[in-house]
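Everything below concerns the one structure shown next.
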Amino acid sequence: MRQARRVGLDLEFKTGVKKCRHMAPPGKAEGARTTRTPYSDQLRMKQMIRFYYGVQEKQFRNYYKKAERQEGSTGYNLLKLLEARLDNIVYRLGLATTRQEARQMVSHGHIEVNGRRVTVASYQVSVGDVVSIAEKAKKHTRVLVAIQMAQQRSKSTDWLDANLDELKGIYKADPQMDDLPPEFSVNLVVELYSKC
202 MRQARRVGLD LEFKTGVKKC RHMAPPGKAE GARTTRTPYS DQLRMKQMIR FYYGVQEKQF
262 RNYYKKAERQ EGSTGYNLLK LLEARLDNIV YRLGLATTRQ EARQMVSHGH IEVNGRRVTV
322 ASYQVSVGDV VSIAEKAKKH TRVLVAIQMA QQRSKSTDWL DANLDELKGI YKADPQMDDL
382 PPEFSVNLVV ELYSKC
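Quick note: the sequence shown uses the working numbering, first residue 202, plus one each step.
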C-alpha cells in the first residue's frame, strides 16, 4: 500500500480493489506541496513501472539494457519484456488474483509452459507458448477463487487467448503499445537511464 501511495497509482496489489482512502505519499500531510523536477518525474515513473510488475532495481536495469540492445523503440521493448514475464502472463490470463499470487504459484511449481513445469517467475514466455495450471494444482481453492475473480474482472486482451474452462491460455502475439497500461510514460524511464 505504501508503494501505491508513493507513486499515486493503484498498482493492483489487492486484486484491483482500492484500499486507501487517500493517495497522499506516506509520511506527508495530504495538502503538503512538493517541488517536482524533471528528474523526480523520471524517477517516479521508473518506480511506478517497477512496483507495478514487482521487479527489483537490478533486475529492472537488466531488462532496460536488454531492451536497449533490441531493435526498435527501447521503451516499447522494455514494456514488452516485462509483459512477457511468466508471472505477469499467469495474472493476465486470470489464473491468479494478483501478480504476487501468480509469482507464488510459479515458484511452487503449479504452472506449466508447453507441458513442462517452470518455477522461475521471470521466465520469458514466447509467442505461441501455452501456459497452463499443473494437474495437481487444478483443485486448489486459490486457483478456483482466482478463476471466479477473473471472470468478474473480464479484462480481455488481444494478445492472449485465455481458456478458463481448461485453465490454460496461449500467448498469441506480442502486446502493442495500446494494450499496455496508459499511465506509463516509458520515455521518462529511457531519459533517466540514458543519463547513466
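Note that the Cβ used here is the ideal one computed from N, Cα and C, for glycine as well.
Considering only the beta carbon of each residue, do residue i and residue j sit closer than 8 Å?
i, j, result
"Leu283", "Val390", "no"
"Glu384", "Gln243", "no"
"Tyr240", "Tyr394", "no"
"Val328", "Ala363", "no"
"Ile290", "Val326", "yes"
"Leu365", "Gln353", "no"
If you reduce the DSSP assignment to three classes, tell me which class residue i lands in.
i, result
"Asn364", "strand"
"Lys281", "helix"
"Tyr292", "helix"
"Arg237", "coil"
"Ala351", "helix"
Can you list, in chain order, the residues of its chain with a C-beta nearer than 7 Å to that of residue i? Leave out the 5 residues immediately preceding and following it.
i, result
"Asp330", "Val314, Asn315 and Tyr372"
"Asp288", "Arg300, Ala303, Arg304, Val307 and Ala322"
Since residue i sits in a beta bridge, which residues does DSSP pair it with?
i, result
"Ile334", "Ile312"
"Gln325", "Arg286"
Which residues in the same chain have their Cβ closer than 8 Å to the Cβ of residue i, if we skip the five residues on either side of it in sequence?
i, result
"Arg318", "Gly310, Ile312 and Ala335"
"Leu368", "Leu296, Ser333, Ile334, Lys339, Val344 and Ile348"
"Tyr324", "Arg286, Leu287, Val307 and Val314"
Return the chain-ordered list of same chain residues with a C-beta closer than 6 Å to the C-beta of residue i, the five sequence neighbours on each side being excluded.
i, result
"Thr320", "Ser308 and Gly310"
"Leu381", "Leu280"
Below 8 Å on the Cβ atoms is my contact criterion, and I expect residue i with residue j to pass it. Report the Cβ-Cβ distance as a whole number of Å.
i, j, result
"Arg251", "Leu361", "Rounded, the Cβ-Cβ distance is 23 Å, inconsistent with contact."
"Gly276", "Val387", "3 Å"
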